[in-house]
């Protein structure tokens, strides 16, 4: 009797087990997460620990803060978004979905609200009367405070008929930040890495339609192709939220250095200990200590990070007046590690090329912005960036 009961129980459990596995497989297959969702996710714990550590170890404001992609933006919870969908006064980024594919790739979708300070003015050529003004009396670029290339481009002014836009190089700068976030979360050693190549191109839809402006919501769909021992690779597509048309596509390659022993410990298995235990303990200690200890308190760091956040991108990308092809590097141009941000170089390169075109071929200035850009990073600039154009401009129908 006991033997028969035992056999019956084993067979029943086996059948139930197969049925459960089959049902779970069907459910998991039918509930594949979409690439972008209207329901925002809270960022993974690993990323939260990383941004807490970054915010405390790198208190100065960086170019990521200007783009609205600093640590504070990621640390804000998704449930802070109002139920009626009202946009916040402070631009923010939210993680929309993470989709892990069977081929090993991982798809992240970030929802990004374009901040006004990330957009640039569009310049256009004018006919001058020889005294620094246009024929209609409008000041030209050489006397305009927006001037980004000094007195070298007299005869150009801000196009008042066009709103400030997030150019292709600006989308590339955002992609640089977001793909780094995804790589940090996927890498077993939480390495942000160093960019070796960044490229982006407008699609036909992006060429034929207007570029994003302040307040527009964009979906950045970042695909992590591979993270190896020394390199990481990512791709992206940019869409206006709620649409299926792709504005631009991009690629990103990163060198993932091994780092020092200290960084391996800090960003490795002890990351939660540092961010959740030691950082709060140090904040409490510094707030109760002397005035010299308070220099690194949370209030001080927040003030340093957000105090100058209303800076204008035209001012950040200003070229030196005495040397029209040189841009001085300040903390506005840095990444959290203190090096010049790759997105800054991309945006400055686009601005310089367009204004060289204004100077040399004012009659052939394209109505649209740059259509494609690719940058290979050799070494980080220290005090300034010097731009040069090589070869001649070639024109084919509507393209240059």
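In our numbering, the protein residues as written are 236 to 635. Just so you know, even glycine gets a beta-carbon here, dropped at the ideal spot from N, CA and C. Note that this is a predicted model, so its numbers are computed, not measured.
inquiry  = Please classify residue 492 as buried or exposed, where buried requires at least 16 neighbouring CB atoms within 10 angstroms.
reply    = For this step, residue 492 is matched to residue 257 along the chain shown. It is exposed - the Cβ of residue 492 has fewer than 16 other Cβ atoms within 10 Å.
query = Taking buried to mean at least 16 other C-beta atoms within 10 Å of its own C-beta, is residue 512 buried or exposed?
reply = Against the chain shown, residue 512 aligns to sequence position 277. Exposed, by the Cβ-count rule.
query = So, are the CB atoms of residue 349 and residue 453 less than 8 Å apart?
reply = Mapped onto the chain shown, residue 349 falls at position 114. Mapped onto the chain shown, residue 453 falls at position 218. For residue 349 and residue 453, yes; Cβs fall inside 8 Å.
query = DSSP on residue 329, reduced to helix/strand/coil?
reply = Here residue 329 corresponds to residue number 94 of the chain shown, with the count starting at 1. Of the three classes helix, strand and coil, the one that applies to residue 329 here is strand, per DSSP.
query = In the structure shown, what three-state DSSP assignment does residue 509 receive?
reply = The count along the chain shown starts at 1 and reaches residue 509 at position 274. It is helical.
task = Return yes when the Cβ of residue 426 is within less than 8 Å of the Cβ of residue 547, no when it is not.
result = By one-based count along the chain shown, residue 547 stands at place 312. By one-based count along the chain shown, residue 426 stands at place 191. Not a contact, by the Cβ cut-off of 8 Å.
ask   = Closest by CA to residue 292, which one among 460, 552, 467 and 506?
value = As a first step, residue 292 is located in the chain shown; it is residue number 57 there, counting from the start. Considering only alpha carbons, the answer is 506.
request  = Scan the region 403–451 and note each continuous alpha helix (DSSP H) run of 4 residues or more that stays entirely inside, going in chain order.
outcome  = 403–421 and 439–443
inquiry  = Here's a check: name, in chain order, each residue in its chain whose Cβ is nearer than 8 Å to the Cβ of residue 400, leaving out the five neighbours to either side.
reply    = Taking the first residue of the chain shown as position 1, residue 400 is located at position 165. Only 354, 355, 357, 445, 446, 447, 448 and 604 meet the Cβ criterion.
Helix, strand or coil at residue 356 according to DSSP, with G and I counted as helix = Numbered from its first residue, the chain shown carries residue 356 at position 121. DSSP places residue 356 in coil when its eight states are reduced to three.
task = Return the chain-ordered list of same chain residues with a C-beta closer than 8 Å to the C-beta of residue 612, the five sequence neighbours on each side being excluded.
result = Here residue 612 refers to the residue found at position 377 of the chain shown. For residue 612, where only same-chain residues beyond five positions count, the Cβ hits under 8 Å are 429, 430, 431, 432, 433, 577 and 580.
message = If you reduce the DSSP assignment to three classes, tell me which class residue 585 lands in.
response = One-based indexing of the chain shown puts residue 585 at position 350. Helix.
request  = Could you have a look at residue 453 and say whether DSSP puts it in helix, strand or coil?
outcome  = Within the chain shown, numbered from 1, the residue matching residue 453 stands at position 218. Here residue 453 sits in strand by DSSP.
Buried versus exposed, by CB contacts within 10 Å (16 or more), residue 472 = Translated into positions along the chain shown, residue 472 becomes position 237. Residue 472 should be labelled buried.
request  = Check each candidate in 490, 437 and 569 and name the one with the smallest Cα separation from residue 422.
outcome  = As a first step, residue 422 must be located in the chain shown, where it is residue number 187. The shortest C-alpha separation from residue 422 is found at 490.
query = Does DSSP put residue 374 in a helix, in a strand, or in coil?
reply = On the chain shown, position 139 is the one that residue 374 refers to. Only weak support exists for where residue 374 lies, its pLDDT of 40 falling under 50; the coordinates are left without a value.
N-terminal and C-terminal residue of the beta strand (DSSP E) that residue 295 is part of = As a first step, residue 295 must be located in the chain shown, where it is residue number 60. No beta strand (DSSP E) holds residue 295; DSSP gives it neither H nor E.
request  = Give the straight-line distance between the Cα atoms of residue 415 and residue 437, rounded to the nearest whole angstrom.
outcome  = In the chain shown, counting from the first residue as 1, residue 415 sits at position 180. In the chain shown, counting from the first residue as 1, residue 437 sits at position 202. Rounded to the nearest angstrom, the two C-alpha atoms are 21 Å apart.
message = Here's the rule: buried if 16 or more other CB atoms are within 10 angstroms of the residue's CB, otherwise exposed. What is residue 458?
response = Here residue 458 corresponds to residue number 223 of the chain shown, with the count starting at 1. Classification of residue 458: buried, given that the 10 Å Cβ count is 16 or more.
query = Does the beta-carbon distance from residue 551 to residue 435 come in below 8 Å?
reply = Reading the chain shown from its first residue, position 316 is the one you call residue 551. Reading the chain shown from its first residue, position 200 is the one you call residue 435. Their beta carbons are not under 8 Å apart, which means residue 551 does not touch residue 435 by this criterion.
inquiry  = Within 10 Å of its beta-carbon, does residue 586 have 16 or more other beta-carbons around it, so buried, or fewer, so exposed?
reply    = Counting from 1 along the chain shown, the entry for residue 586 is found at position 351. By the 10 Å Cβ count, residue 586 comes out buried.
task = Assign residue 625 to buried or exposed, taking buried as 16 or more other Cβ atoms, counted over all protein chains shown, within 10 Å of its Cβ.
result = As a first step, residue 625 must be located in the chain shown, where it is residue number 390. By the 10 Å Cβ count, residue 625 comes out exposed.
ask   = In chain order, what residues of the same chain have a beta carbon less than 7 Å from the beta carbon of residue 440, not counting five sequence neighbours either side?
value = The count along the chain shown starts at 1 and reaches residue 440 at position 205. Excluding sequence neighbours, residue 440 sits near 480, 481 and 482.
query = First and last residue of the beta strand (DSSP E) that includes residue 470?
reply = One-based indexing of the chain shown puts residue 470 at position 235. Element bounds for residue 470: 466–475.
query = Of the residues 592, 570, 561 and 610, which one's Cα is nearest the Cα of residue 622?
reply = Working through the chain shown from its first residue, we reach residue 622 at position 387. The shortest Cα separation from residue 622 among 592, 570, 561 and 610 belongs to 561.
ask   = Any idea what DSSP makes of residue 580, helix, strand or coil?
value = The count along the chain shown starts at 1 and reaches residue 580 at position 345. DSSP places residue 580 in helix when its eight states are reduced to three.
inquiry  = Short of 6 Å in beta carbon distance, which residues of its chain neighbour residue 317, apart from the five on each side in sequence? Order them along the chain.
reply    = As a working note, residue 317 is residue 82 in the chain shown. In this predicted model, residue 317 has a pLDDT of only 49, less than 50, meaning its place in the structure is not dependable enough to derive any value.
inquiry  = At the level of alpha carbons, what is the spacing between residue 616 and residue 279?
reply    = As a position in the chain shown, residue 616 is number 381, starting the count at 1. As a position in the chain shown, residue 279 is number 44, starting the count at 1. The straight-line gap from Cα to Cα measures roughly 33 Å.
Extent of the continuous beta strand (DSSP E) run through residue 184 = Absent from the model: residue 184. The displayed extent of the chain is 236 to 635, so no value can be given.
request  = Rounded to whole angstroms, what's the CA-CA distance from residue 397 to residue 500? Just pull it up for me.
outcome  = Translated into positions along the chain shown, residue 397 becomes position 162. Translated into positions along the chain shown, residue 500 becomes position 265. So the alpha carbons of these two residues sit roughly 50 Å apart.
ask   = Are residue 287 and residue 308 closer than 8 Å when you measure CB to CB?
value = Taking the first residue of the chain shown as 1, we reach residue 287 at position 52. Taking the first residue of the chain shown as 1, we reach residue 308 at position 73. Their beta carbons are not under 8 Å apart, which means residue 287 does not touch residue 308 by this criterion.
task = Return the chain-ordered list of same chain residues with a C-beta closer than 7 Å to the C-beta of residue 591, the five sequence neighbours on each side being excluded.
result = Translated into positions along the chain shown, residue 591 becomes position 356. Once the five neighbours on either side are set aside, the close Cβ partners of residue 591 are 624.
query = Helix or strand or just coil, what does DSSP make of residue 308?
reply = Residue 308 sits at position 73 when you count from the first residue of the chain shown. Note: residue 308 maps to helix in three-state DSSP.
message = Taking its Cβ as the centre, do 16 or more other Cβ atoms sit within 10 Å of residue 571, making it buried, or is it exposed?
response = Residue 571 sits at position 336 when you count from the first residue of the chain shown. Label assigned to residue 571: buried.
Alpha-carbon to alpha-carbon, residue 330 and residue 344 = On the chain shown, residue 344 is found 109 positions in, with the first residue counted as 1. On the chain shown, residue 330 is found 95 positions in, with the first residue counted as 1. Roughly 6 Å between the two C-alpha positions.
Proximity below 8 Å, CB of residue 455 to CB of residue 347 = Here residue 455 is taken as the residue at index 220 of the chain shown, counted from 1. Here residue 347 is taken as the residue at index 112 of the chain shown, counted from 1. A contact, by the Cβ cut-off of 8 Å.
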